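Structure first, commentary second.
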Amino acid sequence: MTRRERVAVGGGVVLGLLLAAALVWWGRGPSEATVRRTVITTVEEEAPASFLVTGTLDLQVTVALDSSQYLTPDWMTRMLQMTQPGTLALLRGRSRAEVRVPGRVSYGFDVQALTPEMIRLSGDEVVELELPRLSVHSVSPELPRLEVRTSNAGWMRVLPSDANDQVRAAALSAVEPAFRRQAERRFETATQPRLNTARALETMLRPALQAAGLSAPRFQVRVNDRLVLQPEE
């Protein structure tokens, strides 16, 4: 074999090894660092305000009002005079009334709480995620359906849809904290909001991870200390 032939053979061997190494590297898929970066970047792009909304809760809250809140004329007196003039007489001298209103709470998590350490890539293209703590994003009470109850009367609708902005704002300030407290308790005891969040993340992240090199990404999302959403087989 001539020197030129030996050089050609040697070059072919080196080229073959390089191609084999490239195929092996390509077959390995993206690194864990790439997966972490893809997950965080995708979530941040979907939540430009740094909060990712992942679901809603339909709730109804009841707020107790003492005499200092509703007997001092202000918002309750004006509201009753507008809608149920006879009701005001029932309230005089009473020390307690209740306000009830349905509404909707949107929830999700602060994207800054999702750190790289909460994202792992295990064998067979399984992406393991740990969910950040859920919190309330917004509260939307249905103020036209607000009702008041006193000890002398049953539930009465007292706030029509055409009530003025000042009355609506005052009613909102009375019930919004109650919505937030009730939703926070739901996050602590119910798994459904976290399951909804896990599924929303799966739907959002799958196309981005496929574009990053995972052919068929599967997810294992830790919902809480006792429940993990397993990848689909």
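Sequential numbering of the sequence shown, starting at 130, is according to my numbering. For glycine and all other residues, C-beta sits at the position ideal for the given N, C-alpha and C. Predicted, not measured: the structure shown is a model, and the values here were computed from it.
- Per DSSP, R274 lies in no beta strand (DSSP E) segment and is marked neither H nor E.
- Residue state for S264 is assigned as strand, using DSSP reduced to three classes.
- From the listed residues R347, S344, V350, A340, the smallest Cα separation to T167 is found for A340.
- As DSSP reads the structure, G237 sits in a beta bridge with V182, S264.
- DSSP lists V256 as the bridge partner or partners of F348.
- Between A329 and the set L272, L188, L181, the nearest pair of CA atoms involves L181.
- Cα atoms of P270 and A242: separation of roughly 28 Å, rounded to the nearest angstrom.
- Rounded to whole angstroms, V228 and S302 show a C-alpha spacing of 12 Å.
- Excluding five sequence positions before and after E254, the CB atoms of its chain that fall closer than 8 Å to its own CB belong to G158, L343, S344, A345, P346, R347, given in chain order.
- Cβ-Cβ distances below 8 Å link V164 to I248, L250, V256, L338, A341, L343 in the same chain, with the five nearest sequence neighbours on each side left out; the list follows chain order.
- The segment 305–318 makes no contact with the segment 170–177; the number of CB pairs closer than 8 Å stays below 3.
- Looking at S160, I169, A193, T185, the one whose alpha-carbon comes closest to that of V277 is A193.
- The C-alpha of E305 is placed about 13 Å away from the C-alpha of L275.
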